[in-house]
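Below is one structure, written out as structure tokens, with a few remarks after it.
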Ligand SMILES: Cc1ncc(COP(=O)(O)O)c(C=O)c1O
């Protein structure tokens, strides 16, 4: 006889509908075996893989260049125009960046061998932090093993259970997880809404004049390609004695005249209290950072931000890559690449709109393309892959229910012609997928 904890058999005859359901259905299950929800998920996951074109956990077979090939979980290969990688300035394959990585291996070996709170940080970290500080116009920069770790670490490092985190409803997972781990006093405000944030801050200050408050937003939201009024948020923080944290992961380096991102475009460089960012979008490496104006906060985070203290420091290849990509971002070549990026972005957005596709947000390396239902998204992403355009599908719960979208990521190395070609294919796939939704159609293809 099976014990109550034996795994449920995976080969039940009934197969879930691959066009229905979401990961949220498998988050909790009132069963004594923790693995039961994983077994149920696995059955649904298999059904989705069986449908074909499964858009998650794909593997690149080479560098993340504008043309690439992805290995899917069913073993099949999708090849073509790649709008699913986040190498915004196309620096991951830059000869000088690759040379810098090789030189670092020769000099330092391949491993950092310790946390930055002990002896893991290499002296290459000094110029990287200083260069970032100059780009951000912030005197102090702390490096983290990943951008996620930086976001989680700065919130968890600064906030205690008596403090409040007032946070944009759509803020990135790392910020939300950091907040939820630090305090039960997590107060979301409506996306980008300064008035709503003000209402939340005023309420907290009235009830708890002594509480610490962290106000959190992003400079470019990756599911919507939209941007808050950053100065207005800093003014709010100042007015209510809060600290403002802005996540610049998606725009630092690739937008703004000198690569300062939305902070630069809005005249806010050096004006916000705290900045977190990632190297994984524009700087061709794993890694993240926190910039701040106070040396005391910088010193504190080294020992009180858990991913800094209890996780290994960035390795020599990562640091050398960031040092070189940062040099390029700040040099004339950076400006040339940013111009090429925007040209490609406009070609893609213009092409999509011309074909009747709803494009969200403003011009940025992320081009969110609205779809709607989960089923239409799943059909459309499969068609795109089959027709040689590689895109990422975002669906509930990463976005609202029935607000599925493609998140196309553009690189400076995409040509306008490639963008126009991709727009045609995406529009055709969406039209077909949406036509399949017509009443009376079966739910599975
Ligand atoms: C807004 C934002 N912040 C932080 C991160 C985390 O960055 P990383 O990939 O370096 O962990 C991401 C990446 O997904 C992001 O989109």
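Residue numbers (my numbering): 90 to 534.
Where a beta carbon is used, it is the ideal one built from N, C-alpha and C, also for glycine.
Is residue 380 helix, strand or coil by DSSP? strand
State the Cα-Cα distance for the pair residue 521 and residue 415, rounded to the nearest angstrom. 43 Å
Nearest-angstrom Cβ-Cβ length linking residue 463 and residue 495, presumed shorter than 8 Å: Incorrect: roughly 13 Å between the Cβ atoms, too far for contact.
Between the beta-carbon of residue 449 and the beta-carbon of residue 499, is there less than 8 Å? no
Neighbourhood of residue 250 by C-beta, 6 Å cutoff - its chain only, sequence neighbours within 5 removed: 272
Beta-bridge pairing of residue 177 - partner residues as DSSP gives them: DSSP output for residue 177 lists no bridge partner at all.
So, helix, strand or coil for residue 231, using DSSP? strand
What whole-angstrom Cβ distance do residue 487 and residue 213 have, given they're in contact under 8 Å? With a Cβ gap of about 35 Å, residue 487 and residue 213 do not count as contacting.
As an exercise, report each continuous alpha helix (DSSP H) stretch of at least 4 residues that is fully enclosed by the segment 186-266, in chain order. 214-225, 236-247
Would you say the beta carbon of residue 336 comes nearer than 7 Å to a heavy atom of ligand 1? yes
My guess is that residue 174 and residue 480 are in contact by the Cβ rule of under 8 Å, so how many angstroms apart are they, rounded? Going by Cβ atoms, the distance from residue 174 to residue 480 rounds to 11 Å, so no, they are not a contact pair.
Between the alpha carbons of residue 118 and residue 125, how many angstroms are there, rounded? 8 Å
For residue 453, which residues in the same chain have their Cβ closer than 6 Å to its Cβ, ignoring the five residues on either side in sequence? 309, 314
So residue 327 is in the alpha helix (DSSP H); what residue range does that whole segment cover? 319-328
For my contact list, residue 333 and residue 290 are in at a C-beta cut-off of 8 Å; report their separation, rounded to the angstrom. In fact, because the Cβ distance is near 11 Å, the residues do not count as touching under 8 Å.
Give me the DSSP bridge partner(s) of residue 481. 496
Given the structure, does residue 311 come close to ligand 3, in the sense that its CB is under 7 Å from one of the ligand's heavy atoms? Ligand 3 is not part of this structure, which contains only ligand 1.
Would you check if there are 3 or more beta carbon pairs closer than 8 Å linking the segment 184-193 to the segment 355-370? no
For residue 140, which residues in the same chain have their Cβ closer than 6 Å to its Cβ, ignoring the five residues on either side in sequence? 107
Under the rule that 16 or more other beta-carbon atoms within 10 Å means buried, what is residue 392, buried or exposed? exposed
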